[in-house]
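In the numbering used here, the protein residues as written are 1 to 244. Don't be surprised by glycine CBs; every beta carbon is placed ideally from N, CA and C.
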C-alpha cells in the first residue's frame with residue numbers, strides 16, 4: 001500500500017506517527033511546505049518532497065499510484081485544496097484534518113467523507129472540561145488509536161505560561177499541542193501567554209495521551225508553585241501598617 005501525506009510542520013510528527021500504525025506494509029510519500037518535516041519523513045523511510053504551494057502537487061506522478069491520502073495543513077483552505085488535488089489525481093481514500101468544523105461542509109462538497117474536525121471534539125466536551133479540574137480524553141479514530149485530550153485553564157496561578165514553553169516540553173515527541181482561546185480560535189503564536197478560559201488540546205495516539213498530559217500537568221504545577229512563592233515573597237517584604 002502507498003500512502004500520500006500532505007502535512008505542515010505543525011502536524012508532521014503526529015500524522016506520521018499515526019500513519020506508522022497501519023499494519024499493512026506501506027510506502028509513504030510525504031509532501032510539505034516545511035523543510036522541518038523532512039527529518040520526520042526519514043524516520044519512516046518516506047520519500048520527501050518539499051512543495052512551495054499545494055498547487056504543485058499536481059506535478060507529482062507518484063500521487064497517481066497512492067491508495068490513501070492524509071492531509072493536515074495549518075490552514076483549512078489549503079488542506080481542502082490539497083485533498084481536492086489528491087482526489088483529482090485518483091487517490092481513492094483521502095483523510096483530511098480540519099481545525100474548524102465550520103469548514104466541514106466545504107470539505108464534504110469536495111467529496112471528502114473522511115473529515116476529522118478537531119474543534120468539534122473540543123466544543124463537544126467543553127462543559128465537563130469547564131466544570132472539572134481534570135483533562136477530558138476522547139478517542140477520535142479507533143483503528144489508528146487517534147485521540148485528543150482537553151483541559152480548560154482556570155487556575156490563575158498557571159496564567160503566564162507561554163505556548164512556546166509547552167511546545168518546547170513536547171518537542172520531538174509524536175504529539176501535537178493546540179491552544180483554543182476563549183472565543184474558540186486556534187492560537188499558534190509561540191509567545192502567546194495563556195489566559196484563563198483557554199483550552200489546551202493534545203492530539204496524538206489515544207493510548208499515549210496520559211503520559212503527555214502528565215508532562216504538561218507537572219509543568220503547570222511547577223509554574224503555579226513558582227507564582228505562589230513569588231507572591232509569598234512579595235507579601236513578606238511589604239511594610240507593615242500601623243497597628244499591623
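Does DSSP put residue 60 in a helix, in a strand, or in coil? Of the three classes helix, strand and coil, the one that applies to residue 60 here is coil, per DSSP.
So, helix, strand or coil for residue 204, using DSSP? Of the three classes helix, strand and coil, the one that applies to residue 204 here is strand, per DSSP.
I need the DSSP call for residue 107, collapsed to helix, strand or coil. Looking at residue 107 - three-state DSSP - the assignment turns out to be helix.
Note down, one range per segment and in chain order, each alpha helix (DSSP H) of at least 4 residues found wholly within the region 37 to 93. If we require 4 residues or more, the alpha helix (DSSP H) runs fully inside the region 37 to 93 come out as 37 to 43, 76 to 88.
Take residue 175 as the anchor and find which of 102, 14, 6 has the nearest alpha-carbon. Nearest C-alpha to residue 175: 14.
Would you kindly work out how many angstroms separate the C-alpha atoms of residue 108 and residue 150, rounded to a whole number? Spanning the alpha carbons of residue 108 and residue 150 requires a straight line of approximately 26 Å.
So if DSSP puts residue 193 in a beta bridge, which residue, or which two residues, is it bridged to? Partner(s): 162.
Going by DSSP in three states, residue 12 sits in which element: helix, strand or coil? Judged by DSSP in its simplified three-state form, residue 12 adopts helix.
Secondary structure of residue 182, DSSP reduced to three states: Three-state DSSP puts residue 182 in coil, outside helix and strand.
Just how far apart, CA to CA, sit residue 162 and residue 214? Between the alpha carbons of residue 162 and residue 214 lies a distance of about 18 Å.
Reducing DSSP to helix, strand and coil, say where residue 27 ends up. Secondary structure at residue 27: strand, using DSSP grouped into helix, strand and coil.
From residue 11 to residue 72, what does the alpha carbon distance come to, in whole angstroms? The straight-line gap from Cα to Cα measures roughly 6 Å.
Cβ-based neighbour list, residue 35, same chain, cut-off 7 Å, excluding 5 preceding and 5 following: Excluding sequence positions up to five before and after residue 35, its CB lies within less than 7 Å of the CB of 50, all in the same chain and listed in chain order.
Can you say whether residue 221 is buried or exposed, counting buried as having 16 or more other CB atoms within 10 angstroms of its CB? By the neighbour-count rule (16 or more Cβ atoms within 10 Å), residue 221 is not buried but exposed.
Given residue 111, which residues of its chain have a CB within under 8 Å of its CB, disregarding the five upstream and five downstream residues? For residue 111, where only same-chain residues beyond five positions count, the Cβ hits under 8 Å are 87.
Residues near residue 103 by beta carbon distance below 6 Å, same chain, minus five either side: Cβ within range, chain order: 76.
So what's residue 3 in DSSP terms, helix, strand or just coil? Here residue 3 sits in strand by DSSP.
What separation, rounded to the nearest whole angstrom, lies between the Cα atoms of residue 178 and residue 43? Looking at the backbone, the Cα of residue 178 and that of residue 43 are separated by about 24 Å.
Tell me the DSSP secondary structure of residue 149 in three-state form. The answer is strand: DSSP assigns residue 149 an E or B state.
Spatially closest choice to residue 208 from 32, 8, 139, 181, by CA coordinates: Minimum Cα-Cα distance from residue 208 among the listed residues 32, 8, 139, 181 corresponds to 139.
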